[in-house]
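These notes concern the structure reproduced below.
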Amino acid sequence: MCGIVGYIGRQQAPPILMEGLSKLEYRGYDSAGIAVHDGHKINMLKAEGKLKNLAAKLSENPVEGCVGIGHTRWATHGAPSDVNSHPHTSEDMTIAVVHNGIIENYLSIKEELSAKGYRFVSETDTETVAHLIDFYYKAGNDFFDSVFMALDRIEGAYALGILCKDYPDTLIAVRKNCPLVVGIGEGENFIASDIPAILHHTRDVYFLDDNEIAVIKTDDIKIFDREKNTVEREVFNVKWDIDAAEKGGYEHFMIKEINEQPKIVQDVVSRRIPESSDTIDLEGINLRKEDLEKINRIYVVACGTAYHAGLIGKHLIEKVARIPVVADVASEFRYKDPILDEHTLLIVVSQSGETADTLEALRIAKRNNARVLAVVNAVGSSIAREADDVFYILAGPEISVASTKAFSAQVVALELIAFHIAMEVGKMTKEEFAEIKEELYALPAKISTILQKDKIEKLLAEKYLQSKNVFFIGRGLDYLISMEGSLKLKEIAYLHSEAYAAGELKHGPIAMIEDSTLVIALATQEELFEKTLSNIKEVKARGAKVIAIALEGNDGFKGEVDDVIYIPRANKMITPILANIPAQLFAYYVAYGLGTDIDQPRNLAKSVTVE
Ligand code: M6R
């Protein structure tokens, strides 16, 4: 949720920390702060609001030093404010801490330390960690041991960056259930919650595992487990380019990422179905006939947009492979006591690979001997590392909080998994697959066609900008895309919007339709068209304004709707990817027209690493 960056080396730390934080602001953006060791003491600056407020403070009160930690916050404990911002320190600034995650037992520790005379100034859970380390340090332990003793006491999820006034040559980093990488430089080293923060400086990183502690100096990095044994870790070389984490001339990351979709879809398809091949190459993923014979239950579990991709995956596996699949949101699944054993396949879907609920669903499945296949974007993320098998979508860093390109790539990945399973279990012939392959190869060009005509969505967004309530309706796969379209509009335009199965409207929600309610009707599944048209007529008769998203050449809407956005025709199982693009563009242009903060919408964070 929040972003952490840290530096130790020979250069001035503040500019490196600020640059790193600017790359992490998408993770949390209600306040920010840095703490810098100047060789004698720790100096700290914090500011509520966006990073520019901290930058302004820093230019008025420059701090200097070659060791530092920085943080951009998404509030969990205590409202956004200067005092609640990180870093948090012990009272005399001996210890400074930045933290992602939640310390679950902070209240009892706070009480205990308060009784010993410790004075707390913030409402955060993190401040407890600074005081607790300070407590063990003042009791005569060294910095390293004091951190270990504090870790024995705290419960919850955390990535920590820690400085001690008396150790100007040391930065300590800790990871438990929150991502943290150590960047390896020459004569300098880094920590970061996410790679873009340090990619300008190094491509070589160590991914810390849970319960590992890194002791980082200018020319040395040592990683320890909780028993204080040193851990050997392989260096991971980041392959993607820094440009992928920059806006590249676009006004927002969201529109840049929407426009990357043809290329990303093409890459996912061509990596898995080489031109000469008549099958899907799921190399490294154990979904062969003999693996599938051992499986009698499949779940697809995820959150938010990834869940919507998962719903499409469920629909397609059932449709083409004729195997029942249960789809669930991870926050519900984990508390349902789901039926899991060695005959279960759990497919988890996650862009970040760090979503706390999805990760916990995976762990529950593994504890019950189920097999876990993860569809993930972030390479080396917790979900990717803990799953049995990984289908990397490799869509590059997705910076916009609203997920777009990851969704399209996830849907393609799940389609490939569905078609592969269908072929393995003998429900899809090579001839049938050959047709699908052709369609998948044609998909990027069709997405480009929609993107080139984005003036339509822009005009419609302007026309319907004043809508107060929006309904997305559709049947079958169109209903699943309605859910995703509605979520996009809510999260970036803050418009009240609901998705309904078109046939379900008259069982209640139609009561909400009144003059000028905007209904966006997805009608791209040809065999359901007439049914959806009847539902469109029902809302029109009650005064709704209707925009239809429909297949090119379908003129059955004439006189029935206010506006139509046409998409190219494709195989009906592939069409949802196309149908979703106008919904993404519409949400973007409505948010643009309303002047919201598109890439960093209020109250949200890119990766939700708390429950
Ligand atoms: O990183 P994940 O894919 O696991 O994230 C899941 C959701 O938090 C995410 O899709 C969220 O709903 C997005 N903001 C949607 O645009």
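So for the sequence shown, our numbering puts the first residue at 19; every next one is plus one.
Ideal Cβ placement from N, Cα and C applies to all residues, glycine included.
As the structure is a computational prediction, the values presented were derived from the model and not from experiment.
By the 10 Å Cβ neighbour count, where 16 or more other Cβ atoms means buried, how is E509 classified, buried or exposed? The residue given as residue 509 occupies position 491 in the sequence shown. When all chains shown are included, E509 counts as buried.
Rounding to the nearest angstrom, what Cα-Cα distance links A379 and Y353 in this structure? Against the sequence shown, residue 379 aligns to sequence position 361. Against the sequence shown, residue 353 aligns to sequence position 335. One C-alpha to the other measures close to 9 Å.
Quick one: is the Cβ of A65 within less than 7 Å of any heavy atom of ligand 1? Locating residue 65 in the sequence shown gives position 47, counting from the first residue. Between ligand 1 and the CB of A65, the shortest heavy atom gap is not smaller than 7 Å.
Quick check: what's the CA-CA separation for A427 versus S421? As a working mapping, residue 427 is identified with position 409 in the sequence shown. As a working mapping, residue 421 is identified with position 403 in the sequence shown. Answer to the nearest angstrom: the Cα atoms are 11 Å apart.
Here's the rule I'm using: 16 or more other beta-carbon atoms within 10 Å means buried, otherwise exposed. How should V192 be labelled? By one-based count along the sequence shown, residue 192 stands at place 174. Buried is the call here.
Looking at A320 and ligand 1, is the gap between the Cβ and the nearest heavy atom below 7 Å? As a first step, residue 320 must be located in the sequence shown, where it is residue number 302. Correct: A320 has its Cβ closer than 7 Å to ligand 1.
V628, DSSP secondary structure in three states: Translated into the one-based positions of the sequence shown, residue 628 becomes position 610. The answer is coil: DSSP assigns V628 none of H, G, I, E or B.
In terms of residues, what are the limits of the alpha helix (DSSP H) holding D581? Working through the sequence shown from its first residue, we reach residue 581 at position 563. Looking at the DSSP string, D581 is not in any alpha helix (DSSP H); the run it does join, the beta strand (DSSP E), is 581–585.
Can you find the residues in the same chain that come closer than 7 Å, C-beta to C-beta, to P600, ignoring five residues on each side of it along the sequence? Within the sequence shown, residue 600 is the residue found at index 582, counting from 1. I468, E475, I567, I583, I585, listed in sequence order.
Which partner residues does R193 have in the DSSP bridge list? Numbered from 1 along the sequence shown, position 175 holds the residue referred to as residue 193. Its beta-bridge partners are A177, E230.
May I ask you to verify whether the segment 222–229 touches the segment 268–276, counting CB pairs closer than 8 Å and requiring at least 3? Judged by Cβ distances under 8 Å, the segment 222–229 makes no contact with the segment 268–276, as fewer than three pairs qualify.
Going by the C-beta, is V324 closer than 7 Å to any heavy atom of ligand 1? Position 306 of the sequence shown, counted from the first residue, corresponds to residue 324. At residue 324 the sequence reads Ala, which differs from the Val that was named. Yes.
Please find out if some non-hydrogen atom of ligand 1 comes closer than 7 Å to the beta-carbon of Q369. In the sequence shown, residue 369 corresponds to position 351, counting from 1. Result yes, Cβ under 7 Å from ligand 1.
Assuming H104 and T144 form a contact by the criterion Cβ under 8 Å, report the distance between their Cβ atoms to the nearest whole angstrom. Numbered from its first residue, the sequence shown carries residue 104 at position 86. Numbered from its first residue, the sequence shown carries residue 144 at position 126. Contact annotation, H104 with T144: C-beta distance approximately 6 Å; criterion of less than 8 Å satisfied.
Figure out for me which residue from E66, L198, Q279 has the closest Cα to the Cα of I411. Stepping through the sequence shown from its first residue, residue 411 is reached at position 393. Selection E66, L198, Q279 evaluated against I411 yields Q279 as nearest (Cα-Cα).
Beta strand (DSSP E) runs contained entirely in the segment 434–509, provided each spans 3 or more residues: Taking only runs of at least 3 residues, the beta strand (DSSP E) segments lying wholly in the segment 434–509 are 487–492.
Does the contact criterion of 3 or more C-beta pairs under 8 Å hold for the segment 608–618 versus the segment 495–510? Inter-segment contact for the segment 608–618 and the segment 495–510 is present: three or more beta-carbon pairs are separated by less than 8 Å.
Expressed to the nearest angstrom, what Euclidean distance is found between the alpha-carbon atoms of S534 and Q543? One-based indexing of the sequence shown puts residue 534 at position 516. One-based indexing of the sequence shown puts residue 543 at position 525. One C-alpha to the other measures close to 26 Å.
In the DSSP output, which residue or residues are listed as bridge partners for S49? The residue given as residue 49 occupies position 31 in the sequence shown. S49 pairs with E66, R91.
Check for me: the beta strand (DSSP E) holding D222 runs from which residue to which? As a working mapping, residue 222 is identified with position 204 in the sequence shown. From DSSP, the beta strand (DSSP E) with D222 extends over 222–225.
Hey, would you say L495 sits closer than 8 Å to P342, going by beta carbons? Residue 495 sits at position 477 when you count from the first residue of the sequence shown. Residue 342 sits at position 324 when you count from the first residue of the sequence shown. No, these two residues do not count as a Cβ contact at 8 Å.
Look at the Cβ atom of F425, then the Cβ atom of A327, and state whether they are nearer than 8 Å. Reading the sequence shown from its first residue, position 407 is the one you call residue 425. Reading the sequence shown from its first residue, position 309 is the one you call residue 327. The answer is yes: Cβ separation under 8 Å.
Coil, strand or helix - E145 by DSSP: Position 127 of the sequence shown, counting from 1, holds the residue named residue 145. Residue state, collapsed to three classes: helix.
Closer than 8 Å is the cut-off here; do at least three beta carbon pairs connect the segment 452–461 with the segment 307–326? These segments do not touch.
Would you mind giving the Cβ-Cβ distance between K265 and V419, rounded to the nearest angstrom? I have them listed as a contact below 8 Å. Numbered from its first residue, the sequence shown carries residue 265 at position 247. Numbered from its first residue, the sequence shown carries residue 419 at position 401. The Cβ separation is near 14 Å, so there is no contact.
Give me, in chain order, the residues of the same chain whose beta-carbon lies closer than 8 Å to that of P32; leave out the 5 immediate sequence neighbours on both sides. By one-based count along the sequence shown, residue 32 stands at place 14. When the five nearest sequence neighbours on each side are left out, the beta carbons in the same chain lying within less than 8 Å of the beta carbon of P32 are those of I52, V54, L76, P80, V81, E82, G83, G86, in order along the chain.
Given 8 Å, three or more beta-carbon pairs between the segment 213–220 and the segment 180–189: With the cut-off at 8 Å, the segment 213–220 and the segment 180–189 do not touch.
In this structure, what does DSSP give as the bridge partners for Y25? Reading the sequence shown from its first residue, position 7 is the one you call residue 25. Residue pairing by DSSP places Y25 opposite G86, F208 in a beta bridge.
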